Amino acid sequence: MNVNSQLVDKFAIAISSLCVAHCLIFPILAVLIPSFITLGLESESMHFWMLITVIPSSIYALALGCKKHAKTSVFLIGALGLSCLLLAFALGGSILGETGEKILTVIGAIIIAISHVKNFKLCQKADDCKCHH
């Protein structure tokens with residue numbers, strides 16, 4: 334696994350974690366520190382920019398990993414997580430309600446993070462394998 338794909342896996346894990354933190358921690362901070370709301374982190378544009386960041390980085394890292402370790406299931410798990418994020422964004426509060434949107438976003442972000450951790454470990458294992466050297 335080259336350094337670029339390792340960094341992209343780590344970046345995607347960080348972005349997924351940020352999604353979870355945003356959904357779960359922001360409401361608490363908004364109640365405890367009302368001026369926190371002025372940062373504008375609760376807007377739909379925040380969700381949009383997270384998606385714009387996480388989709389290409391996840392597809393890139395998972396595709397490189399799939400090529401290296403040949404486990405398409407890891408890519409498909411990541412695709413499931415991305416689908417959850419896209420559905421949460423597309424259906425939003427209007428269909429799912431705010432709680433439903435947060436739940437689907439958190440589930441998607443956790444699934445994506447799991448797929449990247451698995452991808453990272455499988456790629457390291459493939460790099461350590463002496464069979465193809």
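What the sequence shown shows, in the working numbering, is residues 334 to 466, in sequence order.
From the three backbone atoms N, C-alpha and C, an ideal C-beta is built for every residue, glycine too.
Since we're looking at a predicted model, the values are computed, not measured.
Per DSSP, what kind of secondary structure is Lys343 in: helix, strand or coil?
The residue given as residue 343 occupies position 10 in the sequence shown. Lys343 falls in the helix class under three-state DSSP.
Would you mind reading off the limits of the alpha helix (DSSP H) that contains Ala412?
As a working note, residue 412 is residue 79 in the sequence shown. Element bounds for Ala412: 405-424.
Taking just the CA atoms, how far does Ser350 sit from Leu357?
The residue labelled residue 357 in the question sits at position 24 within the sequence shown. The residue labelled residue 350 in the question sits at position 17 within the sequence shown. Approximately 11 Å between the Cα atoms of the pair.
Just mark Thr438 as buried or exposed, buried being the case when its beta carbon has 16 or more other beta carbons within 10 Å.
The count along the sequence shown starts at 1 and reaches residue 438 at position 105. Under this definition Thr438 is a buried residue.
Taking the Cβ atom as the reference point for each residue, do Ile392 and Cys417 lie within a distance shorter than 8 Å?
Taking the first residue of the sequence shown as 1, we reach residue 392 at position 59. Taking the first residue of the sequence shown as 1, we reach residue 417 at position 84. Not closer than 8 Å, so no.
Alpha carbon to alpha carbon, what distance is there between Ser427 and Gln457?
Locating residue 457 in the sequence shown gives position 124, where the first residue counts as 1. Locating residue 427 in the sequence shown gives position 94, where the first residue counts as 1. The straight-line gap from Cα to Cα measures roughly 43 Å.
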